[in-house]
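The structure under discussion appears below in the form of structure tokens.
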Amino acid sequence: MRKKKGTASKIFNILFIVAVCIALKFIYDIYKENNFGDFSKAEYIANISEFKRDNQIKENKHDSYRITSKDFNDAMFYKKVSVTPNTPYRVSCMVKTKNVETQKNVSNAGAGICIADTTECSNTVQGTQDWQKIEFLFNSKNRTEVEIGFRLGSYADNCKGTAWFSDLQLEVGSESQDTNWNMVCFIFRNLDVTIEEDGEETRIQESMTELDVSYMKDNMERLKDSFKQLSNYQMTMEYEIIEITEPITAVSYDEENGYYVSSSDVAHIIEPYVQQEKYDYIYAAIKLGEYLHDDSGNKSTWIGLRRNGL
Amino acid sequence: MTIQETKAHGLVCGGMDYKDIGFSNIRLPNDEGSYIYKYDIERNLFPEETFIHEFLHTLERISREYGLDYPLLHDYEMYGYKVEYKTGLRDWYHDFMTKNIQYNGENIGLNSAVYKMKPVHPNAFQYSMKLGLDNDPDNIIEEIRLIIKTIMNSTKYWQRSETTDT
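From first to last, the protein sequence lines stand for chains A and B.
The first sequence begins at 17 in my numbering and counts up one residue at a time.
The second sequence begins at 106 in my numbering and counts up one residue at a time.
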């Protein structure tokens, strides 16, 4: 009888231990699935996006970080990091996406890296893409802390779909002592835009003359000496000229400056060149034509430049 | 008026950028006879002025982002400079870039450090140092340690919450 009771007790103990182990495993799995460590989570519209760790789709032995937005949203997980002012940093990660769509037609949103509450961000990944590495270079400037975010969305647009992030890395580089600026002048030879004003559409086509192009080239060459002289040799410059025949198809407008070409208007054209990551400054030489650019009016040139007689 | 007050009162033209690289328009005139970008001994000895001007707006933006003092590029009249017929604002740009503007007994202008503050390129990471960003444990001991740390932090958070509540 005593032996039977002992056996039952042992079986009960074993079952109890197994049950405890199963319960612990269950809790551990929930913990692992939701453990974002020191990262905080944020979303523009609450409860649209789901933040999980994924042990099925992962790029290395660690579970990946997954953001799923059922509807259009801007979601990210981020971490406050101490930085040394005026120092270059590189953040990188592997990213994989599934059905990532942007809310706006033309958008730089997607899965990417950013500094929270700024417009500083990496290139992004959209659509359905396998694992790929993305990098984001930034200078801390006068900051001592930044919030590095891994984001599905952007500061200007929302996304839906799923993004997985893995192998999150941060590197600190060395401060540059180089005062030679590598500049590029994109000469946009052609413009073909349609402007809508008061419900009426006007198509504007404009091309530079060979003389216009030669003036731009002459001035870039003159700049080399001018920068040396004006700065007392504290800075120098080198340059490249890239002539673009593909027409500009979008322009921007503001009250102060009138029509102009913003970087986002020509991003798709200049991006392949800028991707080489060697330029320090970009000039975009453009000819807007009489409809968009009044030589004699207040919006003819940037403030402070000569107009009289020229 | 101090430099800081000047900034507060004036228009701060940051200049555009593309991925932290300064970006500016050089708009060509419609008038084929314009001399704005043409060197001419009688009319224009400084046709590259627009290029300089726009670049200096980017140096203004960089100075602001790095917390460096600078006078506003458009405030040349306030400091006694004027647009010359053949050379535009060349003298102003020189003194602006070399910190040689006389103002209230001191020299002001761009801080020379700004010339080194270029966009970050990959060559800055030739001998880079890796910093921790992802705290995922590599083995069971680290895993247990992390769980304990998480529980301890949660406990601290609850204690703080209770203290705040009371």
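Each residue gets a CB set at the ideal place from its N, CA and C atoms; glycine is no exception.
Chain-order list of residues whose beta-carbon lies under 8 Å from that of residue 86/A (same chain, five-residue window excluded): Indexing the first sequence from 1 puts residue 86/A at position 70. Excluding sequence neighbours, residue 86/A sits near 64, 65, 66, 176.
Taking C-beta pairs closer than 8 Å, name the residues in chain B that residue 104/A reaches, listed in chain order. What you label residue 104/A is simply residue 88 of the first sequence in a count that begins at 1. The answer, in chain order, is 225, 229, 230.
Residues of chain B with CB under 8 Å from residue 305/A, in chain order? Along the first sequence, read from residue 1 onward, the residue named residue 305/A stands at position 289. Neighbours of residue 305/A on chain B, chain order: 135.
Is it buried or exposed for residue 35/A, if we count other Cβ within 10 angstroms and need 16 for buried? Locating residue 35/A in the first sequence gives position 19, where the first residue counts as 1. The residue in question, residue 35/A, is exposed, as its Cβ has fewer than 16 Cβ neighbours within 10 Å.
Look up residue 234/B in the DSSP assignment and give the residues it is bridged to. In the second sequence, the residue the question calls residue 234/B occupies position 129. Residue 234/B is bridged to 188/A.
Can you tell me whether residue 250/B is buried or exposed, with buried defined as 16 or more other CB within 10 angstroms of its CB? Position 145 of the second sequence, counting from 1, holds the residue named residue 250/B. Residue 250/B sits exposed, since fewer than 16 C-beta atoms from the chains shown fall within 10 Å of its C-beta.
Stretch-stretch touch, CB-based, cutoff 8 Å, three pairs: the segment 272 to 291 of chain A with the segment 144 to 155 of chain A: no
Can you pull the chain B residues whose beta carbon is under 7 Å from the beta carbon of residue 231/A, in chain order? Position 215 of the first sequence, counting from 1, holds the residue named residue 231/A. Going along chain B in sequence order, the residues near residue 231/A (Cβ under 7 Å) are 142, 143.
Are at least three pairs of beta-carbons, each pair with one atom in the segment 271 to 286 of chain A and one in the segment 208 to 223 of chain B, less than 8 Å apart? Touching, no.
Presumed contact (8 Å Cβ cut-off) between residue 80/A and residue 180/A, rounded CB distance: Reading the first sequence from its first residue, position 64 is the one you call residue 80/A. Reading the first sequence from its first residue, position 164 is the one you call residue 180/A. That pair is a contact at about 4 Å.
How about residue 105/A and residue 154/A: are their beta carbons less than 8 Å apart? As a working note, residue 105/A is residue 89 in the first sequence. As a working note, residue 154/A is residue 138 in the first sequence. Going by C-beta atoms, residue 105/A is nearer than 8 Å to residue 154/A.
For residue 233/A, I'd like the list of residues in its chain whose CB is within less than 7 Å of its CB, leaving aside the five on either flank, ordered along the chain. Along the first sequence, read from residue 1 onward, the residue named residue 233/A stands at position 217. Excluding residues within five positions, the ones whose Cβ falls inside 7 Å are 257.
Out of 169/B, 193/B, 149/B, state which residue places its alpha-carbon closest to the alpha-carbon of residue 158/B. Walking along the second sequence from the start, residue 158/B turns up at place 53. Nearest Cα to residue 158/B within the set 169/B, 193/B, 149/B: 193/B.
Compare the C-alpha of residue 162/B against each of 202/B, 190/B, 138/B and name the closest. Walking along the second sequence from the start, residue 162/B turns up at place 57. Ranking the options by Cα distance to residue 162/B, first place goes to 202/B.
Output the residue ranges of the beta strand (DSSP E) runs that lie fully inside the segment 64 to 97 of chain A and measure 3 residues or longer, sorted by chain position. Entirely contained in the segment 64 to 97 of chain A, the beta strand (DSSP E) runs reaching 3 residues are, in chain order, 65 to 70, 80 to 89.
Of the residues 271/A, 37/A, 91/A, which one's Cα is nearest the Cα of residue 13/A? This structure cannot settle anything about residue 13/A, because the visible part of chain A is limited to 17 through 326.
Applying the 10 Å Cβ sphere with the 16-neighbour rule, what's the burial state of residue 121/B? For the purposes of this step, residue 121/B is taken as the residue at position 16 of the second sequence. Buried: at least 16 other Cβ atoms inside 10 Å.
Any C-beta of chain A under 8 Å from that of residue 152/B: Along the second sequence, read from residue 1 onward, the residue named residue 152/B stands at position 47. Yes, residue 152/B counts as interfacial toward chain A.
Supposed close pair residue 167/A, residue 128/A - CB separation, criterion 8 Å: As a position in the first sequence, residue 167/A is number 151, starting the count at 1. As a position in the first sequence, residue 128/A is number 112, starting the count at 1. So it is a contact: roughly 6 Å between Cβ atoms.
For residue 217/B, would you say it is in contact with chain A, using Cβ-to-Cβ distances shorter than 8 Å as the test? Position 112 of the second sequence, counted from the first residue, corresponds to residue 217/B. Yes, contact with chain A.
Report the rounded CA-to-CA distance for residue 238/A versus residue 174/A, giving the unit in angstroms. Reading the first sequence from its first residue, position 222 is the one you call residue 238/A. Reading the first sequence from its first residue, position 158 is the one you call residue 174/A. Near 45 Å, if we compare the C-alpha coordinates of residue 174/A and residue 238/A.
Sorted by chain position, which residues of the same chain lie with C-beta nearer than 6 Å to residue 61/A's C-beta, five sequence neighbours on each side aside? Residue numbering aside, residue 61/A sits at position 45 when the first sequence is read from its first letter. Answer for residue 61/A: 89, listed in chain order.
Inspect the beta-carbon positions of residue 299/A and residue 201/A and report whether they are closer than 8 Å. Taking the first residue of the first sequence as 1, we reach residue 299/A at position 283. Taking the first residue of the first sequence as 1, we reach residue 201/A at position 185. Yes, the pair counts as a contact, with Cβ atoms nearer than the cut-off.
Of the listed residues 238/B, 245/B, 225/B, nearest to residue 124/B (C-alpha basis): Here residue 124/B refers to the residue found at position 19 when the second sequence is read from its first residue. It is 225/B whose Cα lies nearest to the Cα of residue 124/B.
Should residue 253/A and residue 243/A be called a contact, given that it needs their Cβ atoms to be closer than 8 Å? As a working note, residue 253/A is residue 237 in the first sequence. As a working note, residue 243/A is residue 227 in the first sequence. Cβ distance < 8 Å, so residue 253/A and residue 243/A count as in contact.
Identify, in the order they occur along the chain, each residue of the same chain with its Cβ nearer than 7 Å to the Cβ of residue 149/B, setting aside the five sequence neighbours on each side. Within the second sequence, numbered from 1, the residue matching residue 149/B stands at position 44. Counting only Cβ-Cβ distances below 7 Å, and skipping sequence neighbours, we find 140, 143, 191.
Between residue 127/B and chain A, is any beta-carbon pair separated by less than 8 Å? Here the question's residue 127/B lines up with position 22 in the second sequence. It does: the Cβ of residue 127/B has a partner Cβ on chain A nearer than 8 Å.
Using a 10 Å radius around the Cβ and a threshold of 16 neighbouring Cβ atoms, would you call residue 37/A buried or exposed? Residue 37/A sits at position 21 when you count from the first residue of the first sequence. Exposed is the call here.
Can you find the residues in the same chain that come closer than 6 Å, C-beta to C-beta, to residue 222/A, ignoring five residues on each side of it along the sequence? The residue labelled residue 222/A in the question sits at position 206 within the first sequence. Around residue 222/A: 207, 303, 305.
Determine the extent of the beta strand (DSSP E) in which residue 208/B is found, giving its start and end residues. Translated into positions along the second sequence, residue 208/B becomes position 103. From DSSP, the beta strand (DSSP E) with residue 208/B extends over 206 to 208.
Beta carbon of residue 164/B, beta carbon of residue 184/A: below 8 Å? Counting from one through the second sequence, the residue named residue 164/B turns up at place 59. Counting from one through the first sequence, the residue named residue 184/A turns up at place 168. Cβ distance not < 8 Å, so residue 164/B and residue 184/A don't count as in contact.
Pick from 186/A, 84/A, 126/A, 196/A that is closest to residue 294/A, judged by C-alpha positions: Residue 294/A sits at position 278 when you count from the first residue of the first sequence. Residue 196/A is the option with its Cα nearest to residue 294/A.
Would you say residue 277/A and residue 130/B are within 8 Å of each other, going by their C-beta atoms? In the first sequence, the residue the question calls residue 277/A occupies position 261. In the second sequence, the residue the question calls residue 130/B occupies position 25. In contact: residue 277/A and residue 130/B (Cβ atoms closer than 8 Å).
Residue 98/A, buried or exposed, once every other Cβ within 10 Å from all chains shown has been counted against 16: Here residue 98/A is taken as the residue at index 82 of the first sequence, counted from 1. With fewer than 16 other Cβ atoms within 10 Å, it is exposed.
Strictly below 9 Å CB to CB, what residues from chain E border residue 183/B? Absent here is chain E; the protein component of the structure consists of chains A and B.
Quick one: what does DSSP say residue 251/B is sitting in, helix, strand or coil? Here residue 251/B refers to the residue found at position 146 of the second sequence. If DSSP states are grouped into helix, strand and coil, residue 251/B belongs with the helices.
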